[in-house]
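Numbering (the numbering used here), first residue to last: 1 to 582.
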């Protein structure tokens, strides 16, 4: 699983993922009457309560790692261990199930069915091998007539030895330590008291840890034990012959098995994508034409951050953004810890996910097929290479500036920071403008006024800001486009308890221009928030009016229907009276 630029392959992979999403939803919820093929590729994955459904789940978790067994099959004459045979036949059973299940659902899920149809038919092979191994991995008696006979003979021989030794124990009560039969070195023996073994003819096979007990094989059972050893060795040879026969039989299907492994791996990946899409309420992304590229994310979420927040009972704040040929650069400003870097990472990660054929966690998504994604995010300071934070950023950005193409996505975190603000602002503007002129889609975060002014005065550049609640002095993590944001460093420092005398000096040292800009940005954001509030209210009122209109229309329709039914009833009564008189 890795990003690539093959548009047709991406469309195919995402279409398969869309089918797998629909399949899993079908397996978790009953199908409505008349439901057909899966919906459009923009369909979101979430929704629906779990309930018994028509589709049958394919349990990939039953599959063990069979790579060593498949590799061993390539060696002519090699013998698989019983465990390897059991794992391999278990895989073939699962692959056969997947083939039949998806074939049966081929009308609704044609892409998945087409994949499954390339799995060979293993039914006859599985039938032939059925019952030859026991659940614990041992070769079953029924694996061959010779093995069944040998095991009967072995059991019979063991009983004969047991009976002979029990007679010996009864005949020599003074010599034996305890009346039981045990095994030493694969031979049946009895425990005798040390020192008394000279009175008994036999072979000593060992002693207890104390040395007081010897384990002796009486002379009368030596031939019986020898015969048992011979039968056991013959059994081992027969088991080896059966395992070789099974291995050769599987080896004959070697190419088909390897092909099935590839198909099942591909299907498991497709269903893993679908499971991820359902868990994170993802959308199947669309890819825009090369001549009209557009990056549009509606209610996008960083999946790793969302997962962490979910586990602690919190909810992620989604972001929305849009870049196209007309506006290809977005400058995000706003408070520290306000979500600027997360916004950059979300855009970058979701772009990589889409180009890996993965559904993306958002309501809707459109992407160009990027040639490359260039990012300078985080602190690249290196003690070993004597690089400061600023030098490390500049080294990375220099490489990016040389590599950038019109088909690139460029992500810059705090561009121009970590140096003198005036020089950093000038450098930041020049860097962003270089990527803009190269035709790349660029998203950059900044606190620098020079970049905010550049965004406000440059065509094809959009200012954006991360939300900040002026009342609570807390970030809201909402991304608003169209206006730059204030960094709110002084406000945050005050909220964190910075001494008042320091805050007074800090505010006094701000230049009149900086104060005017800060007030201007604060007023712009206040008005923007007010407009958003009014817009929400208007939308709410519009929705209420539309709902009222629908309700009134329904009531009118019900009244008219009732009137019509009453007229029909009266007409029917008149007709009945007329017919009665006639």
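The beta-carbon is built from N, C-alpha and C at its ideal position, and this holds for glycine as well.
Can you check which of these residues, the options, is closest to residue i by C-alpha distance?
i	options	result
residue 251	79, 281, 218, 500	79
residue 469	300, 15, 249, 334	334
residue 437	341, 325, 531	325
residue 397	406, 70, 427	427
residue 22	534, 282, 390	282
residue 139	246, 366, 56, 157	246
residue 446	275, 10, 494, 377	377
residue 323	310, 303, 435, 460	460
residue 129	320, 20, 70, 243	243
residue 364	16, 294, 203, 411	294
residue 415	407, 432, 100, 404	432
residue 317	311, 299, 480, 331	299
residue 362	303, 58, 407, 26	303
residue 608	297, 472, 163, 100	Residue numbering for the chain in the displayed model covers 1 to 582; residue 608 lies beyond these limits and cannot be assessed.
residue 99	116, 106, 85, 207	116
residue 315	301, 321, 328	301
residue 208	183, 226, 225, 145	183
residue 443	435, 358, 331, 434	331
residue 106	67, 159, 76, 16	16
residue 347	320, 358, 357	320
residue 253	74, 9, 161	74
residue 226	286, 158, 290	158
residue 466	505, 10, 343, 547	343
residue 154	229, 421, 554, 309	229
residue 328	430, 312, 463	463
residue 10	305, 357, 561, 152	357
Can you find the residues in the same chain that come closer than 6 Å, C-beta to C-beta, to residue i, ignoring five residues on each side of it along the sequence?
i	result
residue 549	none
residue 276	none
residue 349	none
residue 439	406
residue 57	27
residue 503	494
Go through its chain and collect everything with a Cβ distance to residue i's Cβ below 7 Å, but skip five positions before and after it.
i	result
residue 390	418, 419
residue 384	Residue placement at residue 384 is flagged as unreliable, the pLDDT there being 47, under the threshold of 50; a coordinate-derived value is accordingly withheld.
residue 19	38, 109, 111, 112
residue 143	132, 242
residue 400	374, 376, 410
residue 160	224
residue 413	341, 344, 376, 377, 378, 445
residue 305	316, 342
Under three-state DSSP, which class holds residue i?
i	result
residue 498	coil
residue 6	coil
residue 171	helix
residue 388	coil
residue 65	coil
residue 104	helix
residue 461	strand
residue 288	coil
residue 419	coil
residue 46	Since pLDDT at residue 46 reaches only 48, below the 50 mark, its modelled position is unreliable, and the value read off the structure follows with that caveat. Coil, per DSSP.
residue 184	strand
residue 481	strand
residue 191	strand
residue 122	coil
residue 24	helix
residue 571	helix
residue 339	coil
residue 263	helix
residue 472	coil
residue 404	coil
residue 283	strand
residue 424	helix
Name the one or two DSSP bridge partners that residue i has.
i	result
residue 374	410
residue 207	214
residue 365	297
residue 467	Note: residue 467 sits in no beta bridge, so no partner.
residue 110	In the DSSP output, where bridge partners are listed per residue, residue 110 has none listed.
residue 330	443, 462
residue 321	297
residue 202	218
Once the 5 residues before and after residue i are set aside, which same chain residues still bring their CB inside 8 Å of it?
i	result
residue 64	87, 90, 91
residue 351	295, 367, 370, 373, 409
residue 150	231, 234, 235, 238
residue 259	118, 119, 120
residue 554	none
> If you pair each beta-carbon of the stretch 338-353 with each one of the stretch 449-460, do three or more pairs fall below 8 Å?
Replying inline: no
>> Is it the case that the stretch 118-135 contacts the stretch 207-221, given that we only count it when at least three CB pairs across the two stretches are under 8 Å?
In response: no
> Is the stretch 185-196 touching the stretch 157-172, taking contact as three or more C-beta pairs under 8 Å?
Replying inline: yes
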